[in-house]
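*Asks:*
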Amino acid sequence: MFEFLFSYPSRVYEKGQFVLLGGWPVWAWALLALGVAAGLAWPYFRSRRDAEIRVQGWKAGVLWALQALMAILLLSLLWQPALLVATLKPQQNVVAVVVDDSKSMSIADEGGKTRAATAKEILNAGLLEQLKKQFQVRLYKVGRSLERLEKAEDVQGTQTATRLSDALRGVAAESASVPLGAIVLLSDGGDNAGGIDLATLSEVRSRRIPVHTVGLGREKYDRDLEIVAVDVPARALADSRITAQVTLRQTGYTKNKVNITLRDGTRILGQQTIVLKADNEPQTESILFNSGPAGPKALQIGVAPLENEENRANNQVTRLVNVEATKPRILYIEGEPKWEYKFIRRAMEDDKTVSITSMLRTTQNKIYRQGIAEPKELENGFPDKAEDLFQYQGLIIGGVEIGYFTAAQQELIRQFVDRRGGGLLFLGGRNGLSDGGWGKSGLLDLLPVSIGDRRDTFKRERAKVELAVGGRDSLIARLVENPDANIERWKKLPEIENYQETGAPKPGAVVLAEFIAGGKRQPLLATQNYGRGRTAILATAGTWRWQMLQPLEDKSHEVFWDQLSRWLVTSSPPRVLSSTPKQVLTDETKVQIRAEVRDKNYLPVSDGQVQARVLSPDGSSELVEMRPEPLSAGQYVATWDAEKPGAYVAEIVAKRGEEELGTDLFNFRREDGVAENFGSEQNRELLEKLSSQTGGVYYRGTDASKLAKDISYSEAGITVREAKDLWNLPIVFLLILMIRATEWMLRRRWGVV
Amino acid sequence: MRSRIWILSLVLAFAAISLTYAQRGRRSFDDEDGPVITPPDANEKTEFTFSRLRYPSYRGGGGYWGVRGSWSTDYPKADRQFVQGVRRLTRIHVRSVEDVVDLDSDEIFNHPWIYGVEVGHWDLNEKQAAKMREYLLKGGFLMVDDFHGSIEWEIFLQSLSRVFPDRAVVDLANKEPVFHVLYDLDERFQIPGIVMFYTGQTYEQDGVEAKWRGVFDDKGRLMVGICHNMDIGDAWEHADMPRYPEHYASLAYRIGINYIMYAMTH
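The structure is reproduced here in structure tokens:
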């Protein structure tokens, strides 16, 4: 219909440039149009008060408008309007036809046919023939790599990955010396190499090559559940409780109950029953589990296949967690003997994962040290050198007045969090927080809540505690696994022995628990991130009653302090911290190794020698030199090819001259034949975006035959400029007829014929 | 008129009885040296309170042995005089007056340090022993003092074995942290009660040698500090008595402070 009325395909109008071929100036057209309109208005104006004239007022205006429109339209045709459009010169251009050959193309969701079969059918049903009549056609298939084909039948749909970016770059590179007019991509859009990268897109766009895409496969399954993402910390302390955030999406199973299971080999580490939400709505669930003993762990996280599920291979993923054998240390300084000190120590002493070193001011001039590693540790009191304080991963400041610390020590405390990335916990006490002058100190911003400078905020009154909204998902406050039961468990805890009044939480802080005093809820436990580290406040020195006032077998006091202490230290980085953006390489080979290197004062080291020794699954090892990353002090990177599937270990060794800066380990894993199982529905969004950003068009499989006509309109390759006349369009004549007919009908109705 | 006088007399008598009864929890006992005055800050809320264990007495046939049972020996002057020293010599926030706790309610769990005197006369029933066991295993600390000789030791052990049937009482070595937590107390000697003024001896009965013993938990932490064949309580009580030798009182204070400091740190 469009082409009948407008003579040319819509693509001509999209790509064409409007021009007037008549040669007369546009201002002359405007002047004449104005004159004609005015001339036609004159008789109406002159007879506006003539009672015998039947058409006046708005009716006269309508008739005048129709006449003027008609006159201007005819006048416009004299200027010969046309569209100037670039078209590919026949037989002088190359068109690349790229067919997706990945495993997802073998899914039979095209009316019983596989996507690959549909692609071959489209090509063989005339598209290839038509293209060949106008262009030189190069046929490719893409999976892990790009491969030239002789015939469409060679597409099998068996490759274990789809790398569309690589394919586009490859086609562009192969055709660098020939006029490439367009790229035609037949795919389900299931790219699993991170999508189309910006560099590829820029290259294609700079050469003005339109990428036309033909989408294959169903856009939505009727019945499927897919694990979309799983987020687990790459590192964990031994025997600590950690959370896996599992995001899943489903269609056709709304309100069904399913079990999310987390396994290490055959051992189930955690599971949770959930009710599935609405179709296509991403649903994120948290599963708590114990990290167990030290060592690398490959966790399988997923849901058992459901009844009649269309894709059963996207229900499980693997994630790696390196459970570290290190025992982070916490320094606890307390300003006076108190029961809380004793019971915190007892709770932490039972913890095999974190060690606590404490210094207690027993008298005005005496400090009692416990948990020291060697006799001289803390001999001279609180550390006044960065290297002494930064050997700890966590710091607890009990009821110590700010004046106890020198200005240099105060700055060191800030740097402990900000630069070293340690965890800092403030406790309540009669000499702590605002009663200890912290409200007027320069370290005020380290506190997650505001405090004033009042000196009577510490109250020796018992108070009930409850979990705050922010604490419901927190690992620190999880005394029992079930989140609802946990809320109730907190309500049943014995009252705390005392509390300290503070102000409101600061922006970015999270209140995990509250106490209720005088009918008012106030922050008990709040946390925030600060610099590279994190800080928390526990506005009491009276949680010891949770130990003494509950049955002997109750472990809530120990569990709370274990979890709080782990939170303090778990994210405190070592001096050499290695990582990789992707620990599980699904059908990929390239692994990026990153390392952040700091000296004993935790200042970035930019002149270090950093090497990665990568141990492969077959036992062989390779030394990889890492290079400093420009503009990021202390950061080193390297890219390495993991040639075989399996588990790898990378050990990073950093030196500066003869000085050993430190070592670190991380694990990664290459898995093949996995990526294509995920995101296997047609990714129409990606294909459409690719087309629209390159000046191409997205076609459904059923509309692919239109492609042969549209493809000629391209700016790439060898083109000619064609002027397409617009004066003789059927729509123009139809418009003229309609204007005249409307005027005639109105005149008849108003009796002025 | 006569009936009004009768009624008034009855009301006054009732009021007097009520007031006396109300003072029961914090009685102003007269000690050997005269009445003890309640300090003005007696109601101050503090971190630490000297908590005296009230136990049923062996001689009392299972009861608390009347108002002045053996649990209340030296009470309250020893307690109050001792805490003045704790206040002066440490940073512990201490109340000026003591609390009395027993094993018949859960109130004891609010007092992680308790002092038992003359435990050579205590007689805990099974229920009380079980509560004491729970208290100690949760982290409570018991210091016992002022019992002498083999007979009182046997009586002490009878109740202690109900508390811990399977835990040994061990002699404390000098290196134990309880003797070093604040003061280094390698040189300890027998601390006598004022009975020495009459007997001329620093020991009582056949308890010639001071014994520093204890019961540990599974992690090697001292739960019960046993001061046998000595009378630290008397030394606290009579520290202000010119006749009582200073070196005994001084050691008694240091011992007491170390036991409290240990209980607050371990």
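Same order as they appear, the protein sequences are chains H and D.
Under our numbering, the residue at position 525 of the first sequence is numbered 533, and the numbers go up by one with no gaps.
Under our numbering, the residue at position 115 of the second sequence is numbered 120, and the numbers go up by one with no gaps.
The C-beta atom is built at its ideal place from N, Cα and C for all residues, glycine as well.
For residue 434 of chain H, name the three-state secondary structure that DSSP assigns.
*Replies:* It is a strand residue.
*Asks:* With a threshold of 8 Å between beta carbons, is residue 54 of chain D in contact with chain H?
*Replies:* Chain H contact via Cβ: absent.
*Asks:* List the residues of chain H whose Cβ lies closer than 8 Å to the Cβ of residue 318 of chain D, in chain order.
*Replies:* The structure shown does not extend to residue 318 of chain D, since chain D is modelled only from 6 through 271, so no value can be given for it.
*Asks:* Would DSSP call residue 256 of chain D helix, strand or coil?
*Replies:* DSSP places residue 256 of chain D in helix when its eight states are reduced to three.
*Asks:* What does a CB cutoff of less than 7 Å around residue 504 of chain H pick up in its chain, not counting 5 residues either side in sequence?
*Replies:* Closer than 7 Å at the Cβ level, and outside the excluded window around residue 504 of chain H, lie 470, 471, 473, 523, 548, 550, 551, 553.
*Asks:* For residue 245 of chain H, report the span of its beta strand (DSSP E) as first-last.
*Replies:* First-last of the beta strand (DSSP E) with residue 245 of chain H: 243 to 245.
*Asks:* Determine whether the beta carbon atoms of residue 751 of chain H and residue 81 of chain H lie at a separation below 8 Å.
*Replies:* No, these two residues do not count as a Cβ contact at 8 Å.
*Asks:* Tell me the residue span of the beta strand (DSSP E) that contains residue 270 of chain H.
*Replies:* 265 to 272 is the span of the beta strand (DSSP E), which, as asked, contains residue 270 of chain H.
*Asks:* Output, in chain order, the set of chain H residues within a Cβ distance shorter than 9 Å of residue 186 of chain D.
*Replies:* Going along chain H in sequence order, the residues near residue 186 of chain D (Cβ under 9 Å) are 370, 376.
*Asks:* Is the beta carbon of residue 89 of chain H less than 8 Å from the beta carbon of residue 42 of chain H?
*Replies:* Their beta carbons are not under 8 Å apart, which means residue 89 of chain H does not touch residue 42 of chain H by this criterion.
*Asks:* Are the CB atoms of residue 658 of chain H and residue 669 of chain H nearer to each other than 8 Å?
*Replies:* For residue 658 of chain H and residue 669 of chain H, no; Cβs fall outside 8 Å.
*Asks:* So residue 222 of chain H and residue 179 of chain H are supposed to be a Cβ contact under 8 Å. How far apart are they, rounded?
*Replies:* Not really, about 15 Å apart at Cβ, beyond 8 Å.
*Asks:* So, does the CB of residue 351 of chain H fall closer than 8 Å to a CB anywhere in chain D?
*Replies:* Interface residue, yes.
*Asks:* In three-state terms, what does DSSP make of residue 675 of chain H?
*Replies:* Looking at residue 675 of chain H - three-state DSSP - the assignment turns out to be strand.
*Asks:* Would you kindly report the start and end of the unbroken alpha helix (DSSP H) that includes residue 211 of chain H?
*Replies:* Residues 206 to 214.
*Asks:* If I measure Cβ to Cβ from residue 630 of chain H and keep anything under 6 Å in the same chain, skipping five residues before and after, which residues do I get?
*Replies:* Cβ within range, chain order: 622.
*Asks:* Where residue 257 of chain D and residue 263 of chain D are concerned, what is the direct C-alpha to C-alpha distance, given to the nearest angstrom?
*Replies:* Computed Cα separation, rounded: 10 Å.
*Asks:* Taking only three categories from DSSP, how would you classify residue 279 of chain H?
*Replies:* Strand, per DSSP.
*Asks:* Ignore the nearest five residues each way along the sequence and tell me which others in residue 24 of chain H's own chain have a CB closer than 7 Å to its CB.
*Replies:* Contacts found: 91, 92, 93, 732.
*Asks:* List the residues that DSSP assigns as beta-bridge partners of residue 53 of chain D.
*Replies:* The partner list for residue 53 of chain D (beta bridge, DSSP) reads D/99.
*Asks:* For the segment 242 to 267 of chain D, which residues have a beta carbon sitting closer than 7 Å to at least one beta carbon of chain H?
*Replies:* Under the 7 Å Cβ criterion, the segment 242 to 267 of chain D contributes 266.
*Asks:* Between which two residues does the beta strand (DSSP E) carrying residue 217 of chain D extend?
*Replies:* Start and end: 216 to 221.
*Asks:* By DSSP, does residue 223 of chain H sit in helix, in strand, or in coil?
*Replies:* Residue 223 of chain H: strand per DSSP, three-state reduction.
*Asks:* Let me know if residue 82 of chain D comes out buried or exposed under the rule of 16 or more other beta-carbons within 10 Å of its beta-carbon.
*Replies:* Label assigned to residue 82 of chain D: buried.
*Asks:* Between the beta-carbon of residue 343 of chain H and the beta-carbon of residue 407 of chain H, is there less than 8 Å?
*Replies:* Closer than 8 Å, so yes.
*Asks:* Could one say the Cβ of residue 204 of chain D lies closer than 8 Å to chain H's Cβ atoms, at least one of them?
*Replies:* Taking Cβ atoms only, chain H never reaches closer than 8 Å to residue 204 of chain D, which makes this a no.
*Asks:* When you compare the CB of residue 365 of chain H with every CB in chain D, is at least one pair closer than 8 Å?
*Replies:* For residue 365 of chain H, the answer is no, since every Cβ of chain D falls outside 8 Å of its Cβ.
*Asks:* At the level of alpha carbons, what is the spacing between residue 147 of chain H and residue 160 of chain H?
*Replies:* So the alpha carbons of these two residues sit roughly 8 Å apart.
*Asks:* With H, G and I counted as helix, E and B as strand and the rest as coil, what does DSSP make of residue 544 of chain H?
*Replies:* Three-state DSSP puts residue 544 of chain H in a strand.
*Asks:* So that I know if they touch, is there some Cβ in chain D lying closer than 8 Å to that of residue 438 of chain H?
*Replies:* At least one chain D Cβ lies under 8 Å of residue 438 of chain H.
*Asks:* Below 8 Å, can you find three or more Cβ-Cβ pairs linking the segment 452 to 465 of chain H to the segment 492 to 501 of chain H?
*Replies:* Counting Cβ pairs under 8 Å, fewer than three are found: no touch.
*Asks:* Span of the beta strand (DSSP E) holding residue 95 of chain H?
*Replies:* Unbroken beta strand (DSSP E) run through residue 95 of chain H: 89 to 96.
*Asks:* Taking only the alpha-carbon atoms, compute the straight-line gap between residue 514 of chain H and residue 456 of chain H and give it to the nearest angstrom.
*Replies:* Roughly 6 Å separates the two Cα atoms.
*Asks:* Is it the case that the Cβ atoms of residue 125 of chain D and residue 152 of chain D are separated by a distance below 8 Å?
*Replies:* Yes, the pair counts as a contact, with Cβ atoms nearer than the cut-off.
*Asks:* Is it the case that the segment 563 to 578 of chain H contacts the segment 156 to 166 of chain D, given that we only count it when at least three CB pairs across the two stretches are under 8 Å?
*Replies:* No, the segment 156 to 166 of chain D does not touch the segment 563 to 578 of chain H.
*Asks:* Check distances from the C-beta atoms of the segment 95 to 122 of chain D to those of chain H and list, in chain order, the residues that come in under 8 Å.
*Replies:* Cβ contacts with chain H: 95, 96, 97, 98, 111, 114, 115, 117.
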